[in-house]
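Plus 755 on top of the position in the sequence shown (first one is 1) and you've got this note's numbering. For reference, the structure discussed in these notes is given below.
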Amino acid sequence: MALGAPPFQEAANVVTLRALAGRLGASELPLFITGEVGTGRRTLAGAIASARACADTKVISFSAFDGLPSQLRDRSSRPVVALVHHLHALEARGQAELASLVRDRHVRLVAVGAAGEGDLAADLNALVSATQLLLPPLRDRVGDAVQWADFFVARAASDLGVPKVTLAPRTLAALASYRWPGNLTELESVIRRAVVLRRADVIEPWDVGFSEPLAVRPLNDAVEEFRMAYVLKVLAHFGGNRTQTARALGIDARTVFRYLAKTKEET
């Protein structure tokens, strides 16, 4: 199975990228995984870092917001694999030091960053620009939203100990057509919520946040329903005074009473 890949065949562009990541990951070249938030950058980078580690090489994972950890600066130790999150956030001095450690082959760099987070210092950028991998957003992965949704449903059901749950065909169609600005992270959150709050073992579009199905009714019934709701709303505005309500609406007070009586019958 390719690095960080799920147990199903992904879109062709993602398969190609994972294959490239596997080949580059087998080398000591610095790698920089970028893309939108929620695309799976951390998972892929973590898989590469783990693959690079061996019996005498440890992985040091850290956020660039915290600066370079002291373990990286110990050049007397064996080379280490540095898994860096938010690479752009590393201050200029830290970037220069990291670049030096990478050039001296003391650090085998696997870094993660989001598209548009900022620019890297020239020396560090020169090291990672040739091996930067851009994970495509979910909207650009043909067919992946449906496959990931099925995967997330099965995992959520297993985690929560609930009976087998499936997605209705129209739900899958709705998921496939949505653009998912939060990518896989958003999709999994939506699916897990739907599994928790499901109304049945088959998840419908409205269970995942899409519109409720339209209840098509005869036009006269729909108009009458609107009339009654509006009359009752105006009646509430006038504190239940049927005479004032009828005068404001230009109707007979008996009509107001009829709608009020009908409401009581239905309740």
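Beta carbons: idealized from backbone N, C-alpha and C, even for Gly.
Beta carbon of residue i nearer than 9 Å to that of residue j
i: Leu879; j: Ala776; result: no
i: Leu736; j: Phe787; result: Nothing can be reported for residue 736, as the shown portion of the chain is limited to 756 through 1022.
i: Val963; j: Ala984; result: no
i: Ala837; j: Val814; result: yes
i: Ala800; j: Val865; result: yes
i: Tyr1014; j: Arg972; result: no
i: Ala911; j: Val920; result: yes
i: Gly795; j: Gly759; result: yes
i: Leu1004; j: Val951; result: no
Distance, residue j Cα to residue i Cα
i: Cys809; j: Ala781; result: 12 Å
i: Phe906; j: Leu942; result: 11 Å
i: Ala804; j: Arg828; result: 19 Å
i: Arg778; j: Gly898; result: 25 Å
i: Glu765; j: Leu974; result: 47 Å
i: Pro785; j: Thr926; result: 41 Å
i: Val957; j: Gly937; result: 24 Å
i: Val857; j: Gly873; result: 21 Å
i: Thr886; j: Arg896; result: 22 Å
i: Thr1022; j: Val917; result: In this prediction, Thr1022 scores a pLDDT of 47, lower than 50, which makes its location untrustworthy; no coordinate-derived value is stated.
i: Lys988; j: Glu979; result: 14 Å
i: His840; j: Ser855; result: 18 Å
i: Gly994; j: Val1011; result: 13 Å
i: Ser913; j: Val769; result: 27 Å
i: Thr771; j: Ser816; result: 26 Å
Identity of the residues DSSP links to residue i by a beta bridge
i: Gly790; result: Leu890
i: Arg863; result: Val836
i: Ile1024; result: In the structure as shown, the chain begins at 756 and stops at 1022. Residue 1024 is therefore absent and cannot be evaluated.
i: Val957; result: Thr921
beta-carbon residue i near the ligand SAM non-hydrogen atom, thresh 8 Å
i: Arg830; result: No copy of the ligand SAM occurs in the structure displayed, which carries no ligand at all.
Alpha helix (DSSP H) runs contained entirely in the segment 870-925, provided each spans 4 or more residues: 877-883 and 899-915
Those runs of the alpha helix (DSSP H) which lie wholly inside the segment 974-1014 and span at least 4 residues: 974-992 and 997-1004
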